[in-house]
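According to numbering that gives the first Met the number 0, the sequence shown holds residues 0 to 279 in order.
These notes concern the structure reproduced below.
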Amino acid sequence: MTTGTLITVAPTGAESAKAEVPALPVTLDELLLTAKECEALGAAVIHVHIRDDDARPTLDQGRLRDTVAALRENTDLIVQLSSGGAVTDPESARLAVLDAAPDMASCTMGTVNFGDDVFLNRWEFIVDLHTRMQERGVVPEYEIFDLGHLTALQRLLGKYGLPHGGHVHVDFVMGVPGGMPGTTATLVAAQQMVRDLPEGTTFSATGIGRSTIPVMLASLSAGGHLRVGMEDTVTYAKGRPVESNMQLVARAVGFAQLAQRPPLTTAEARTLLGVPAAAR
Ligand code: KMH
Ligand code: ZN
């Protein structure tokens, strides 16, 4: 593979508590600072979950719109809103995320046990999300927590057609307790299954917790791209909490450069993913 590396930063997530992880960006100001610094380091996409005034996960429409606008104003990053939210969010609020008109949104391809919880993604809900994104010109990133989710994606695309922009991009979220493990063998199995998807399909990978580094190395060597951030890991090394999202992006950039697959610019990432240039 000669292509560069698409680096996505997922800075916040919905699972960690600010009280336990003080470095987590939860306010709009904290998010913007993180976004600007991660872009300067080499990130091209930001996967966004937002929090309320009490730092709890929210899908509040006004906040989502303000966040999209502020990220567009202050960065050239591709803005990808999470439609996954928190495990407690209702389907209606998750679909309404699209009303904030992001460049991209996540679309999880099936239900998965999520630690002690269940991350519910019914087939009809997935179809709704996919077809609404097609209608509104939002580019999906298909989140794959288990190998069967790739089979579901093949079925979705066969029945309902390609996403907006025509390019298919998936993200392997590996190492969730209840999903596929964050191992090289599993990443290779997932990569093999990507071959059954439309030609040119690209993949990123992220490993939760201690699978972060093995998954990053496996993905780079398999021609995949990277997602990193405090949504996925809050430990940098054994006994060392992550200091910032920038620390994780900087490490990913270093690995990508060592692999001679340097970070894609935001413009290159837009071309790869079929996301139109930002309207400024
Ligand atoms: N917070 C998880 C329950 C996504 O962003 O689309 C779901 C998640 C996936 O993070
Ligand atoms: Zn997420």
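Ideal Cβ positions, reconstructed from N, Cα and C, are used throughout, including at glycine.
> Thinking C-alpha only, which one of S210, H166, P176 and H48 is nearest T183?
Replying inline: S210
> Near I207, which residues of its chain fall below 6 Å by C-beta distance, leaving aside the five closest residues on each side in sequence?
Replying inline: G174, V175 and D231
> Would you report the Cα separation of G3 and H224, rounded to the nearest angstrom?
Replying inline: 8 Å
> Out of A92, A13 and L128, which has the shortest C-alpha to C-alpha gap to G109?
Replying inline: L128
> In whole angstroms, what is the alpha-carbon distance linking Q153 and P197?
Replying inline: 8 Å
> Nearest-angstrom Cα distance between S15 and H163?
Replying inline: 32 Å
>> Taking the alpha helix (DSSP H) that P213 belongs to, which residues open and close that run?
In response: T211 to S220
> Taking contact to mean at least 3 C-beta pairs separated by less than 8 Å, is the segment 52-72 in contact with the segment 82-98?
Replying inline: yes
>> Could you give the first and the last residue of the continuous alpha helix (DSSP H) run that contains N73?
In response: Q60 to N73
> the ligand ZN heavy atoms versus the CB of S105: any closer than 8 Å?
Replying inline: yes
>> For a quick check, are the C-beta atoms of P101 and V137 less than 9 Å apart?
In response: yes
> By a C-beta neighbour count over all protein chains shown, 10 Å radius and 16 as the cutoff for buried, is R269 buried or exposed?
Replying inline: buried
> In three-state DSSP terms, what is L146?
Replying inline: coil
>> Tell me the residue span of the alpha helix (DSSP H) that contains M132.
In response: W122 to R135
> Which residues in the same chain as M0 place their Cβ atom closer than 6 Å to its Cβ, once the five residues preceding and following it in sequence are excluded?
Replying inline: Low confidence applies to M0: its pLDDT is 46, below 50, so where it sits in the model is not reliable enough to give any reading.
> Cβ of L30 within 9 Å of Cβ of P21?
Replying inline: no
> For D53, which option in G199, L27 and P262 has the closest C-alpha, if you only look at C-alpha atoms?
Replying inline: L27
> Which residues in the same chain have their Cβ closer than 6 Å to the Cβ of M192, if we skip the five residues on either side of it in sequence?
Replying inline: L149
> What's the call for P139, buried or exposed, on a 16-neighbour Cβ count within 10 Å?
Replying inline: buried
>> If distances are taken between C-alpha atoms only, which option among P213, S218, V111 and V214 comes closest to T201?
In response: S218
> Which residue from G178, A99 and Q259 puts its Cα closest to that of R135?
Replying inline: A99
> Given A13, which residues of its chain have a CB within under 7 Å of its CB, disregarding the five upstream and five downstream residues?
Replying inline: H48, P56, G84 and A85
> Is any heavy atom in the ligand KMH found nearer than 8 Å to the beta carbon of F202?
Replying inline: no
>> Taking the alpha carbon of T74 as the reference point, which residue from S81, S220, P10 and I45 has its own alpha carbon closest?
In response: I45
> Who are the near neighbours of F118 in its chain, counting only those whose CB is closer than 6 Å to its CB and skipping five residues on each side?
Replying inline: V86 and V111
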